[in-house]
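Chains as they are written, first to last, in this note's numbering: chain A, 19 to 228; chain B, 19 to 228; chain C, 19 to 228; chain D, 19 to 228. As structure tokens, the structure follows; a few thoughts come after it.
There are 4 protein chains.
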Amino acid sequence: MPDAARRSERSRNAILQAAMDLLQEKGYADLTVEGIAARAGVGKQTIYRWWGGRGPVVLDALVEKHSGSGGPPALPDTGDLEADLRPVIRAIVAELADDRLSATTRALTIETLSSEDFAGRMRDRLLRPQLDTVKNRLRSARAAGQVRAGVDLDQAVELLIGPMYHRWMMRTGPLTEEYADGILELAMAALRPGAADRPGAPPTASSDLM
Amino acid sequence: MPDAARRSERSRNAILQAAMDLLQEKGYADLTVEGIAARAGVGKQTIYRWWGGRGPVVLDALVEKHSGSGGPPALPDTGDLEADLRPVIRAIVAELADDRLSATTRALTIETLSSEDFAGRMRDRLLRPQLDTVKNRLRSARAAGQVRAGVDLDQAVELLIGPMYHRWMMRTGPLTEEYADGILELAMAALRPGAADRPGAPPTASSDLM
Amino acid sequence: MPDAARRSERSRNAILQAAMDLLQEKGYADLTVEGIAARAGVGKQTIYRWWGGRGPVVLDALVEKHSGSGGPPALPDTGDLEADLRPVIRAIVAELADDRLSATTRALTIETLSSEDFAGRMRDRLLRPQLDTVKNRLRSARAAGQVRAGVDLDQAVELLIGPMYHRWMMRTGPLTEEYADGILELAMAALRPGAADRPGAPPTASSDLM
Amino acid sequence: MPDAARRSERSRNAILQAAMDLLQEKGYADLTVEGIAARAGVGKQTIYRWWGGRGPVVLDALVEKHSGSGGPPALPDTGDLEADLRPVIRAIVAELADDRLSATTRALTIETLSSEDFAGRMRDRLLRPQLDTVKNRLRSARAAGQVRAGVDLDQAVELLIGPMYHRWMMRTGPLTEEYADGILELAMAALRPGAADRPGAPPTASSDLM
DNA sequence: GTGTAATCGAGACGGTACGTCCCGTCTTTGG
DNA sequence: CCAAAGACGGGACGTACCGTCTCGATTACAC
């Protein structure tokens, strides 16, 4: 309903910056619309008008931050899948292991769990691009015969990523480089063609086959 | 500080029951201490005295519910690891896929992400027992030579469980039986001894070796 | 700190009216901020923002009520001081003697005893105007030679008023018309010039001499 | 209902002492049953059993304190009424003028205003004895012809006392020795026989005539 | 240039829930 | 059986934010 053309860019930036700052300082649970507005020097209505609540503001703020690099770059393809993935996996673990760095991820996850609507936007705008870089590398590896032909790439990506997020979320153990390497090695073993390739369990229908 | 010996069992039960009821009816986001107290016919102070907030109450309520069965039973051991695990994996996916059933898990996860303190209690009292049933089955499989000797069982459990939680949380795709089977099959391939067993990547130190 | 220009007149009136109603219905001891807010259809914060508690609200409500008549009128001056004062004194006794009518006075007095700050406001806004009407009549009587020249008018007013409030407060005896007349007669004897006028005890410095 | 014979004297004293201490320290408004019980090292029930609330406890504590002198002594009778009364009046004003000393009186007055029941007990046990010493001196003065025969002694006492309590309560002015003397002088003029003794206004029926 | 219509900062508003304090009652345990 | 201790159901406190709603004061477009 509001006229986006007349929107104040200055306010938008101040709000996103304030949200990021407060998220770092006080955590998501203590983040309030009133706090953001005050810090940004902005009326609350401006936030409600353009976003509707703190969740979308945080999402926007993070998208803004991450899209600074113009989207995640494609992974290198040296021919050695495991070597190419290792830095990525290690980086994820390193970020999750750092309470400061993972504060925003924590915030997003909470909001994702709270709102299906938010979940969709967050998935498409933040998560999917990241997952797709891995997925694309796996696809080329599959084409090169380094990954079993029947493997569903979405499942493969989650096999790699899921365990780390689970350990992070549930705090079931330390998030170390060794852990990253261990999961990577297991996942590689799962994907590698070989004697273990059984004829059963045909590939599930998946959008990655196109 | 309060004297646990004089605690009212009647109030405790009423509170846990009320919390479970309201959780089902209104979801975690709309669950309030005041609401629980009113429904249970109890003063708010009684909740704050013994729990300190809604999070711990919900945790206790769920522990109570799950421990009704006297703790999770050991998995069957037919000698076929994949066959023994399949029902477990499918059950997890089925529960997560059902919005009603997974509402409480969602609630606990939010609280886990919000409070480190809560995370620890929740992990130890609810999650660990569940994971341990899987871990124990994997241990016996490893002893039987069906799982590579060098595998860290904690990593193995998370390799199985993590992807499903990730998909559930992030809504990256449908949580179907096929998905469960696919992840199980991938994980089995990762654990199975054989040509894929590489000498590198020694097992990380882990408490599961005893 | 709040911006008085943007204050809601509607809320202000509703709150003062609700306070008056509840004061009549339930008495001061059972008067709560929450009750006033609920009855007035107003958020509690609106009361705390502009008044700070129930005491100031009640004071304002009573000031509002009493100032409806545009302040207390000057007493008549027939030349007969005692005759002019008698209706006033009797009216005060009559009001104090009636539990319903004096309930608010009781409330104000309690608050006055509890808070020095409140005492000042209540004195200046409610009590002083009433006392001044008597004081003014006494001043004109003194000018007319019907009251000893040396008399401190503030003391004279309190000589008249004080005994009745004391009896009311301490319930040391019945508050009847006879009592009013008795006190009035004693006070008149104290003020009347004559043989009793002794040279000692010079008048204390007082602002009423102008 | 409770058996007074088995009452613990130790608890009774501890409670009264704690009540007095807290009254001095925090004032009547911040005095709580729980606070008294904690300070006295006593269960709350002990207070409710034997007194019923904080009001009666404070009353008892003050009666205890004042009755230490075995009741107020009779005033001296030098033949000069004004001279005999002056120290009493000045003492009252001095006590009321001191915030610390008058804190208890303030407390009693609030409770007196709040509860008719309490008012009666307070009047009979604390106030009346004090007033009677003055009244008795006035009676002897009347017998000696220094006070008009028709004067109601209860009214006379209140003419002396009332103004000071009024000024104290309402904070209408400073409570100084000059004020005490001024009121005393006015009251003496009111009571003194002489030309001012008018035949009208017959004495009201009063218990002081016996 | 000058209306004029929308956004802006600001913050008051009706509400809901918070977490705390204290009430007066009830229950447990020990002397 | 009384006393200490204190848990209990209850109610109000005063605060923090919610999301909505008015206010002028910019501000940028249409005329």
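Quick reminder that beta carbons are idealized off the backbone N, C-alpha and C, glycines included. Given the structure is predicted, the values throughout are model-derived calculations rather than measurements.
So, does the CB of residue i fall closer than 8 Å to a CB anywhere in chain C?
i, result
"D/Ile128", "yes"
"D/His184", "yes"
"D/Arg139", "no"
"D/Arg143", "no"
"D/Val170", "In the sequence under discussion, the amino acid at residue 170 of chain D is Asp, which differs from the Val named in the question. Closer than 8 Å: yes."
"D/Glu52", "no"
"D/Glu176", "yes"
"D/Ala47", "yes"
"D/Ala219", "Caution applies to D/Ala219, whose pLDDT of 44 falls short of 50 and renders its modelled position unreliable; the model cannot decide the point."
Roughly how many whole angstroms lie between the Cα atoms of residue i and residue j?
i, j, result
"A/Met38", "A/Thr122", "8 Å"
"B/Arg108", "C/Val60", "53 Å"
"B/Arg30", "B/Lys44", "21 Å"
"B/Tyr46", "A/Leu114", "25 Å"
"D/Thr190", "A/Ser26", "58 Å"
"C/Leu93", "C/Thr151", "6 Å"
"C/Leu156", "C/Thr127", "26 Å"
"D/Leu149", "C/Arg185", "12 Å"
"B/Leu119", "C/Asp21", "50 Å"
"C/Val51", "D/Gln63", "29 Å"
"C/Gln164", "D/Leu202", "20 Å"
"C/Leu49", "D/Ile179", "32 Å"
"B/Asp95", "B/Asn154", "10 Å"
"A/Arg28", "A/Trp69", "15 Å"
"A/Tyr66", "A/Ala36", "15 Å"
"B/Gly212", "A/Asp117", "39 Å"
"A/Gln42", "B/Ser132", "14 Å"
"B/Pro91", "A/Tyr183", "27 Å"
"A/Arg24", "C/Arg24", "28 Å"
"B/Val111", "C/Met19", "56 Å"
"D/Pro192", "C/Gly97", "32 Å"
Below 8 Å on the Cβ atoms is my contact criterion, and I expect residue i with residue j to pass it. Report the Cβ-Cβ distance as a whole number of Å.
i, j, result
"A/Met187", "B/Thr130", "7 Å"
"C/Leu40", "C/Ile54", "6 Å"
"B/Ala58", "B/Ala32", "4 Å"
"B/Pro181", "A/Leu177", "5 Å"
"C/Leu204", "C/Ala174", "Wrong, their Cβ atoms sit about 12 Å apart, outside the cutoff."
"D/Leu99", "D/Ala159", "4 Å"
"B/Ala207", "A/Ala207", "7 Å"
Are any of the Cβ atoms in chain B nearer than 8 Å to that of residue i?
i, result
"A/Ala205", "yes"
"A/Thr190", "yes"
"A/Met38", "no"
Should residue i be flagged as near chain A, meaning a C-beta pair shorter than 8 Å?
i, result
"B/Gln173", "yes"
"B/Ala208", "yes"
"B/Ile201", "yes"
"B/Ala162", "no"
"B/Ala112", "no"
"B/Met19", "no"
Could one say the Cβ of residue i lies closer than 8 Å to chain D's Cβ atoms, at least one of them?
i, result
"C/Gly180", "yes"
"C/Ser85", "no"
"C/Arg124", "yes"
"C/Leu131", "yes"
"C/Ala109", "no"
"C/Tyr66", "no"
Contact the stretch 99 to 118 of chain C vs the stretch 182 to 201 of chain C: 3+ CB pairs below 8 Å: yes
Using a Cβ distance threshold of 8 Å, determine whether the stretch 72 to 82 of chain A contacts the stretch 166 to 180 of chain A, with at least three qualifying pairs required. no
Minimum length 4: unbroken alpha helix (DSSP H) runs contained in the stretch 66 to 99 of chain B: 72 to 84
Completely contained alpha helix (DSSP H) runs for the stretch 123 to 175 of chain C, where each covers 4 or more residues: 134 to 140, 146 to 161
Are there three or more Cβ pairs, one per stretch, closer than 8 Å when the stretch 131 to 148 of chain B is compared with the stretch 67 to 75 of chain B? Contact between the stretch 131 to 148 of chain B and the stretch 67 to 75 of chain B is present, because at least three Cβ pairs lie under 8 Å.
Just checking, does the stretch 139 to 149 of chain D make contact with the stretch 143 to 157 of chain C on the three C-beta pairs under 8 Å criterion? no
4-residue-minimum alpha helix (DSSP H) runs that sit fully inside the stretch 175 to 217 of chain B, ordered along the chain: Counting only unbroken stretches of 4 or more residues, the alpha helix (DSSP H) elements lying wholly within the stretch 175 to 217 of chain B are 195 to 209, in sequence order.
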